[in-house]
Structures are given as structure tokens and as C-alpha cells.
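**Q** In terms of the numbering used here, the sequence shown opens at residue 230 and continues consecutively. Sharing a structure, written as C-alpha cells. Questions coming.
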Amino acid sequence: MKTIVAVFFISLLISYFTAKLFLFLDIKQFYDIPDRMRKIHEKPILRAGGIAIFVGILFSILSLFFYTNKLTTGFALNFDKFEKILLPASLMFLLGIFDDAFGLSAKVKLPVQIIAAVVVFLEGIKLSVVKIPLIGVVDFGYFAPFITILWIVGITNAFNFIDGMDGLASGISFFAAFTIFLISLLEGEYVISLFTASICGSILGFIKFNWHPAKLFLGDSGSYFLGFLIGSLSIISSTKSSIIVAITIPVMIMAYPLLDLLLAVLRRILRGRSIFSADREHIHHKLLERGYSYKGIVLLLYLISGLFGFLAILVMFVKSNYLSFIIPLFSGIFAVYFVRKLGYEEFKSFISKVDEVVDIENEKKFKFYLERIKRSSTEEEFIDVLKEFFKEFEFEDYFFYIEGSNGDKFFIGDLSLLDSADRTGNLFLKFPFKGENLRKVYIMLSSKRDFEFCEKVIEKILPEISYKVSLFGDKLLKVKDKN
């Protein structure tokens with residue numbers, strides 16, 4: 230444990246002093262100039278945080294080769310495993326350096342990211358088998374390369390997307406890395422713990438300069454490097470788990486970056502824009518619009534990330550299929566609620582369009598059954614069409630009742646609906662009709678089913694039903710219910 234603590238503080242100190250060095254050097258090429266559109270800082274800020282973090286991790290790892298004990302020996306023997314991540318992650322770091330200094334297009338960056346992810350997959354770090362709660366083991370088979378590459382590239386860009394507020398991306402990176410550190414430590418994977426401890430220390434060494442108001446930005450070099458490292462390590466930490474690979478673990482660890490990435494991709498698709506185009510609609514931007522303070526937003530998102538990290542550890546070690554299902558389920562419900570509160574207009578518009586499509590389809594069905602009711606020439610045909618109508622719209626809570634002047638009765642639907650309504654106090658709609666030689670005729674519909682649907686029934690269907698009831702009269706009592 231002393232070795233892990235030592236690596237943590239070595240990376241922290243190296244990162245801290247490297248950050249101070251770059252503040253002193255003040256390299257103009259690495260300044261991030263505010264554009265008054267997407268960027269919310271008001272003055273040029275140096276983008277050298279990624280360099281500080283990279284140097285901190287690299288030299289803390291190299292320091293392990295100058296001290297010999299059981300843990301460092303194990304790390305040295307397994308160093309080839311980390312080379313498989315460090316080399317392509319270093320490529321991501323260099324890509325970010327060029328992007329920070331000169332600005333690169335997505336056409337350049339995406340292919341390089343894919344190549345780096347392919348290298349990781351070819352080295353044997355992959356998502357190939359998952360254990361989905363309450364379903365069982367699923368083998369991705371031929372889709373494993375695509376899923377692994379998509380995961381790593383997605384996480385890399387997710388951390389880049391959330392790097393829009395002082396301390397946000399670096400802090401979220403810390404929580405993700407710290408969660409992986411705890412999982413590996415509790416699982417006895419001390420070699421992974423060493424690596425993630427160096428990441429955590431390096432981030433904390435830099436974050437002092439990144440806290441609002443920031444003196445240093447993480448930059449694309451830092452967000453790409455950390456995103457790639459954490460995305461790859463999340464796969465390793467979950468595959469080392471004793472529960473095969475629980476897909477919930479890496480997803481929970483990356484919950485906030487993934488949510489922000491998903492929202493960014495969806496809203497840009499709905500707008501007909503490139504998914505790589507910049508905007509000012511990320512989660513932190515929406516919270517700013519709602520009047521939350523700068524530091525308050527960052528601390529809130531820290532809290533959410535920390536909570537999801539804790540839940541990932543809980544799922545990992547409780548080893549309950551039901552818990553592994555319930556936690557992601559409620560997390561998903563919370564995410565939907567959270568997104569709705571943010572008030573994205575694109576999603577409101579999309580939902581409206583979906584509702585319009587549903588309304589159009591329902592309108593076609595209404596017209597179809599209305600025409601069939603009009604064309605029904607016999608009592609039997611009329612009753613059959615009614616039953617089909619309620620079945621088609623999955624409207625099971627209905628009761629169509631007819632009583633003749635002589636006391637004869639006929640009904641279709643749920644006879645217990647009347648008693649249930651009286652007993653439970655649930656609201657229901659009741660529509661009476663008149664017919665020759667009929668004492669009572671009515672349809673009951675439970676309003677808990679869908680009140681809007683009930684209104685459409687009243688408006689479009691009931692007038693024609695009323696006409697048919699008055700036309701057929703007590704002949705309806707002689708219809709034999711085929712059910």
C-alpha cells in the first residue's frame with residue numbers, strides 16, 4: 230500500500246510543478262481564445278493541463294523501475310499490458326497537442342482515434358462477453374471489435390465534450406479513475422491500482438490550476454489522453470471482475486460523460502448537423518442558463534459522478550442480479566427526469582413529431598372502424614366490430630351494457646368494471662344511449678386508461694354507435710356473444 234501511496238504523490242507533485250512550469254513559460258500557441266459562442270471563459274487561458282497530467286503519469290510510472298519490492302516487481306513483469314494502453318493513449322495525447330496548437334478537423338481526429346482504439350483491441354483489451362442482469366451471458370462474437378472501438382472512441386470524445394467548465398472534465402476524470410482504482414484494489418488487482426493511482430494523483434496535481442477561475446485548461450491533449458486511458462481501463466477493470474463482465478460497471482463509471490455525449494449526438498442529429506459540430510447546449514451550459522452558479526454546477530456534477538461510481542462498486546461486490554438490474558433501471562429513470570428538467574427544445578420537438586405520427590395512425594384506425602360500424606348491416610356484425618375496436622386499441626377496461634324493457638340483458642366487456650369503480654373510487658366515463666324498446670344502454674370506460682383516448686372515442690365513434698343502437702333497438706338483446 231505504501232508503494233501505491235508513493236506513486237500517487239509522485240504523480241501529484243510532478244503534475245503540479247509541470248503545470249507551474251508551463252504557466253511560467255507562457256507559450257502563446259497554446260492559448261484558448263474565447264469565441265463568445267460555445268466557450269464561456271472571458272479571457273485567453275493556457276491549454277497545457279494535458280501536458281502536466283501526461284508528464285505526471287509517465288514519470289511516476291517510470292519511477293517504479295527504480296525501487297524493488299513485490300508490487301513493483303509485479304508491475305514490471307506486467308508492464309507490457311500497460312504499454313498496450315500507454316502507447317495508443319500517447320498517440321491521443323499527441324493528437325490533442327496538435328489540436329490545441331493548430332486546430333484539427335474531425336476528419337483528421339476521428340481516424341486517428343479509431344486507429345488507436347484498434348491497437349488496443351488487437352492487443353487483447355476488448356468487450357467480447359457481457360453478463361446482463363436477469364438475462365445472462367451474451368457473447369458479442371463478430372461484433373466485439375466494433376463495440377470495443379465504439380466504446381473507447383466514444384469515451385474519449387465524451388470527456389472532450391464535457392471539458393467546457395473550469396474543473397469539470399478533470400474532476401469527472403478523477404472520479405472515474407478513482408472508481409476503477411477502488412474496484413481494482415478491492416479485487417486484489419494491485420498492478421491496475423498502481424496505474425490508476427498515478428492517474429488520480431496527476432489529475433489532483435493539476436486541478437488546483439483548473440479550479441474556477443482557471444489559470445490552466447485541460448485542453449484536448451488532456452481530455453483525449455484521460456478519456457482514452459479511462460475508457461480502456463474500464464474494460465480491463467470489468468473483465469478482471471469475478472462476475473465475468475457486467476456491462477453495468479463501465480457504463481455506471483462513465484454515466485455522466487456518456488449521458489452528455491448521447492444528448493450531444495442526438496440533438497445534433499435532430500438538428501441535421503454534424504455530430505462533431507460545436508454548440509453551447511451541453512448539460513453544464515443548460516444548468517448555467519437556469520441560473521445555477523459556476524462552482525455549484527461543477528460540485529453538483531461531481532456529486533452525480535461520485536454517486537454513480539459508488540453504485541458501480543455496489544453492483545460489483547454485492548453480486549445480486551436483481552440489484553444489478555434495479556440500480557441501472559432507477560439510474561435510467563433519474564437520467565430521463567434530469568434531462569427533461571434541462572428543457573432541450575430538440576427533444577420536445579421530436580416527441581411532438583412522434584405524437585403527431587401516432588395521432589395520424591390512430592386517426593386512420595378511427596376512420597377504418599367508423600366506416601365498418603357504418604357498414605354493419607346486422608346486429609351481430611355491429612357487436613363484432615365493437616369488440617374488435619376495443620381490442621385494437623388495447624382498451625380492455627370497457628363495459629357495453631344493454632337492458633330491454635322486459636328485463637332482458639346483454640353485455641360485452643368487463644362486468645367487474647362497475648363494481649371495481651364503486652369499490653375503489655376510480656374515475657370512469659359513462660356514455661348512455663337510447664334505443665327502441667330498450668330501458669338502459671351505456672358504455673363505461675375507465676379514465677385511468679387514457680383520458681385523451683376516451684375523448685377521441687366520444688368525438689369520433691360514439692355518435693355512430695348511438696345511431697346503430699337506435700336503429701337495431703331490442704334486436705341487440707338477441708345477439709349471442711361468441712366469447
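Ideal Cβ placement from N, Cα and C applies to all residues, glycine included.
On a CA-only basis, which of VAL708, TYR696, LEU492, THR425 is nearest ARG569? Give me that one, please.
**A** For the residues VAL708, TYR696, LEU492, THR425, the minimum Cα distance to ARG569 belongs to LEU492.
**Q** Name the residue from ILE286, SER399, GLY370 whose alpha carbon lies nearest to the alpha carbon of LEU717.
**A** Lying before the first or after the last residue shown, residue 717 is absent from the chain, which here runs from 230 to 712.
**Q** Once DSSP output is grouped into helix, strand and coil, what is the label at GLY451?
**A** GLY451 falls in the helix class under three-state DSSP.
**Q** Within the segment 388–472, note down every full alpha helix (DSSP H) run reaching 4 residues or more, in order along the chain.
**A** Listed in chain order, the complete alpha helix (DSSP H) runs (minimum 4 residues) inside the segment 388–472 are 397–415, 419–439, 448–468.
**Q** Check whether the segment 248–258 touches the segment 302–322, counting contact only when three or more Cβ pairs, one atom from each stretch, lie closer than 8 angstroms.
**A** No, because fewer than three Cβ pairs between the segment 248–258 and the segment 302–322 fall closer than 8 angstroms, the two stretches do not touch.
**Q** Have a look at VAL474 and GLY448 and give me their C-alpha separation to the nearest angstrom.
**A** At VAL474, the pLDDT of 42 sits below 50, so the modelled position is not reliable and the matter cannot be decided from this model.
**Q** Would the beta-carbon of ILE275 fall within 8 angstroms of that of LEU252?
**A** With the sequence shown as reference, residue 275 is identified as Leu, and Ile is not the correct amino acid for it. Taking 8 angstroms as the Cβ cut-off, LEU275 and LEU252 qualify as a contacting pair.
**Q** For ALA335, count neighbouring Cβ atoms within 10 angstroms of its own Cβ and tell me buried if that reaches 16, exposed if not.
**A** It counts as exposed.
**Q** So LEU414 and SER422 are supposed to be a Cβ contact under 8 angstroms. How far apart are they, rounded?
**A** That pair is a contact at about 5 angstroms.
**Q** CB GLU609 to CB VAL708, shorter than 8 angstroms?
**A** For GLU609 and VAL708, yes; Cβs fall inside 8 angstroms.
**Q** Looking only at C-alpha atoms, which of LEU706, SER506, ILE602 sits nearest to LEU333?
**A** Selected option, being the one with the closest Cα: SER506.
**Q** Residues in its own chain within less than 6 angstroms of THR425 by CB, not counting five upstream and five downstream?
**A** So the list reads ALA406, ILE409, PHE410, once near-sequence residues are dropped.
**Q** Scan the segment 483–544 and note each continuous beta strand (DSSP E) run of 3 residues or more that stays entirely inside, going in chain order.
**A** If we require 3 residues or more, the segment 483–544 turns out to have no beta strand (DSSP E) run fully inside it.
**Q** Helix or strand or just coil, what does DSSP make of ILE354?
**A** Of the three classes helix, strand and coil, the one that applies to ILE354 here is coil, per DSSP.
**Q** My output table needs one value for TYR630: the three-state DSSP class, helix, strand or coil.
**A** In the structure shown, TYR630 sits in a strand (DSSP, three-state: E or B).
**Q** Does the contact criterion of 3 or more C-beta pairs under 8 angstroms hold for the segment 231–249 versus the segment 276–287?
**A** Taking 8 angstroms as the limit for Cβ pairs, the verdict is that the segment 276–287 does touch the segment 231–249.
**Q** Would you mind working out which of TYR521, PRO340, ALA541, ILE381 sits nearest PHE350, comparing C-alpha positions?
**A** Nearest option by C-alpha distance: ILE381.
**Q** Using DSSP bridges, identify the partner residues of TYR260.
**A** Looking at the DSSP assignment, TYR260 forms a beta bridge with LEU275.
**Q** Could you compute how far the alpha carbon of ILE457 sits from the alpha carbon of THR385?
**A** At residue 457 the sequence reads Phe, which differs from the Ile that was named. So the alpha carbons of these two residues sit roughly 5 angstroms apart.
**Q** Sorted by chain position, which residues of the same chain lie with C-beta nearer than 6 angstroms to PHE369's C-beta, five sequence neighbours on each side aside?
**A** Cβ neighbours of PHE369 beyond the five flanking positions: SER357, ILE376.
**Q** Please determine, among MET481, GLY525, ARG497, SER450, the residue with the shortest C-alpha to C-alpha distance to SER463.
**A** When each option's Cα is compared against that of SER463, the closest is MET481.
**Q** With a CB to CB cut of under 8 angstroms and the five nearest residues on each side skipped, what residues in its chain are close to ILE378?
**A** For ILE378, where only same-chain residues beyond five positions count, the Cβ hits under 8 angstroms are ILE343, ALA346, VAL347, PHE350.
**Q** Buried or exposed, going by whether 16 or more other CB atoms sit within 10 Å of the CB of THR301?
**A** Per the 10 Å Cβ criterion, buried.
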